[in-house]
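Going by the numbering used here, the first residue of the sequence shown is number 49, and it counts up by one from there.
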Amino acid sequence: MAKNVYSYDEIMAEHDYAQPHEVMGKLLHGGFDAEGNYISPRMLHRGPAVAQWASNLEARGGKLIDASQKLLKRDNYPNHAQQKFLLQHGLGKTLWDSLTLTGIIEGRGKVFSDVVGPDFQEFFVEDISELAVGHLNKGLHHAHGRDEGGMDNSDIGAHDEMWFVVRDLLFGKDAFAIPTAPEEIGRPEMGRLFPQISKTLEEFLLIYMNILMVEVRAEKMFSFCCELFRDPEMFTDRRDIAEQAAQMVERIRQDEAIHVGYLQAVLSEMRTLTFKTVDGGTISGSELLDPVWEGMVAYHSTTVYDTAREQTRASIVRQLEKLADSDQLIAEFDRLETPLAAAAE
Ligand SMILES: [Fe+2]
Ligand SMILES: [Fe+2]
């Protein structure tokens, strides 16, 4: 019989690493096996558990919601060619800022470690003890938060520190000033989206949906970084260091796969469950969740990119304006942008 129920300690348990994960003198989370392969933190049971819950769902006739790159309808801004253009004109600040902000925002994910969700069983007709949903408060939240922001009072770096290492590998420490991070990135307040259920449950559902889309967008950023760092025409005086930076991004990417995995499993399971409504009735999960999920996907796949594009372009234009022939450079930079239709394919 497959194991479907795990304790908190099992979900949080780590592999026995053969080698610690240390880069630039900084101790980081995860570790290496005897063959030198990177192992993500807290994956001894969490990895197999999420895979098992997902396959159980499919065996029951449920299906996993799409959490792939196909959901995204915009290219990165600036795209590969534009970022290359900026770096070749000595403008590293945009990449520096984006790596720094990614680290700062990742670190904020630590709040997930302090969150104890409501007793989810109360909201469903079916028994959830053998499902991913039944393990949200049994380590899934906490492991996620620790992956992003690290353990309390520990000098082992998590994703925040890992992005700063990537940045410092590429540019050297203190190459530019540290940018100010925006307040919170979340969807603007839209009133009650699930009036049928309790406000607390609604808040948690929206957090899961929002974070899942943030993770899907992050995956796009990882491919972008790896391709850029591995471009033989980039960082030509330090190709080996750029390769090291790309490997660090691959490790973060490997760690993130479980975040997409468990959130995808949780939301997919919830679609097959029956929710108890506040008026004493019930509603099927798919009927409740699908319309809101569609809106969430649309928001992250277009609106978020379009808003960020405006701000990023304004900052890039300000940098280009300081160079000779700036009008021509700005026009050339804009010409390199990925057309909307091509990005949406
Ligand atoms: Fe992360
Ligand atoms: Fe994550």
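Quick reminder that beta carbons are idealized off the backbone N, C-alpha and C, glycines included.
Self-check item: Distance between beta carbons of C273 and V297, contact taken as under 8 Å
Solution: 5 Å
Practice problem: Take the Cβ of G197 as the centre, count every other Cβ of all protein chains shown within 10 Å, and call the residue buried at 16 or more, exposed below. | Solution: buried
Quiz item: Residue range of the beta strand (DSSP E) that L218 falls in?
Solution: Not the beta strand (DSSP E): L218 falls in the alpha helix (DSSP H), residues H207 to F219.
Quiz item: Hey, would you say F252 sits closer than 8 Å to G165, going by beta carbons?
Solution: yes
Quiz item: Taking the alpha helix (DSSP H) that K141 falls in, what are its first and last residues?
Solution: If you look at K141, you'll find it in the alpha helix (DSSP H) that goes K141 to R156.
Exercise. Report yes if the C-beta of E209 is less than 7 Å from at least one heavy atom of ligand 2; otherwise report no.
Key: no
Quiz prompt | CB of D195 within 8 Å of CB of H183, strictly | solution = no
Quiz item: Any chance the CB of H307 is under 7 Å from a heavy atom of ligand 2?
Solution: yes
Quiz item: alpha helix (DSSP H) containing S332: first to last residue?
Solution: Not the alpha helix (DSSP H): S332 falls in the beta strand (DSSP E), residues T330 to S332.
Exercise. Would you kindly report the start and end of the unbroken beta strand (DSSP E) that includes V71?
Key: Q67 to V71
Practice problem: Confirm the yes/no value for this check: CB of G157, any heavy atom of ligand 2, distance under 7 Å. | Solution: yes
Quiz item: Is there at least one non-hydrogen atom of ligand 1 closer than 7 Å to the beta-carbon of D195?
Solution: yes
Quiz item: Whose C-beta lies closer than 8 Å to the C-beta of W341 among residues of the same chain, with five residues either side of it excluded?
Solution: Correct list, in chain order: I113, M257 and L315.
Practice problem: Please indicate yes or no: does the CB of E251 lie closer than 7 Å to some heavy atom of ligand 2? | Solution: no
Quiz item: How far does the beta strand (DSSP E) with K12 in it reach, from first residue to last?
Solution: Nothing about residue 12 can be reported from this structure: the residues present for the chain run from 49 to 393 only.
Quiz item: Would you call the stretch 131-145 and the stretch 223-231 touching, i.e. three or more CB-CB distances under 8 Å?
Solution: yes
Quiz item: Which whole-angstrom value is the C-beta distance of D373 and P89, which I expect to be below 8 Å?
Solution: About 49 Å separates the two Cβ atoms, so there is no contact after all.
Self-check item: Closest residue to A180 among F133, L147 and L105 (Cα-Cα distance)
Solution: L105
Quiz item: Expressed to the nearest angstrom, what Euclidean distance is found between the alpha-carbon atoms of L377 and R366?
Solution: 12 Å
Quiz item: Which class does F160 belong to by DSSP, given the choice of helix, strand or coil?
Solution: helix
Quiz item: What whole-angstrom Cβ distance do V53 and S177 have, given they're in contact under 8 Å?
Solution: Sure, about 6 Å apart at Cβ, within 8 Å.
Quiz item: When you compare each of Q169, R287 and P126 to E380 by their alpha carbons, which one comes out closest?
Solution: P126
Quiz item: So what does DSSP say about T228, is it helix, strand or coil?
Solution: coil
Exercise. Could you pull the start and end residues of the alpha helix (DSSP H) that F277 belongs to?
Key: K247 to F277
Exercise. Using beta-carbon positions only, say whether L321 and F212 come within less than 8 Å of one another.
Key: Not in contact: L321 and F212 (Cβ atoms no closer than 8 Å).
Quiz item: Is I87 near ligand 1, with its Cβ less than 7 Å from a heavy atom?
Solution: no
Quiz item: Is any heavy atom of ligand 4 found at a distance shorter than 7 Å from the C-beta of E263?
Solution: Judged by which ligands are present, ligand 4 is missing from the structure shown, whose ligands are ligand 1 and ligand 2.
Quiz item: If you draw a straight line from the C-alpha of Q130 to the C-alpha of T355, how long is it?
Solution: 18 Å
Self-check item: Integer Cβ distance of Y86 from R299, believed to fall under 8 Å
Solution: Yes, Y86 and R299 are in contact; Cβ-Cβ is about 5 Å, under 8 Å.
Quiz prompt | Sufficient close CB pairs (3 or more, under 8 Å) joining the stretch 321-336 to the stretch 238-245 | solution = Counting C-beta pairs closer than 8 Å gives three or more between the stretch 321-336 and the stretch 238-245, which meets the contact rule.
Self-check item: Span of the beta strand (DSSP E), counted from its first residue to its last, around K324
Solution: If you look at K324, you'll find it in the beta strand (DSSP E) that goes T322 to K324.
Practice problem: Report all residues from its chain with a CB closer than 6 Å to the CB of S161; omit the five preceding and five following residues, and keep chain order. | Solution: H190, G193 and R194
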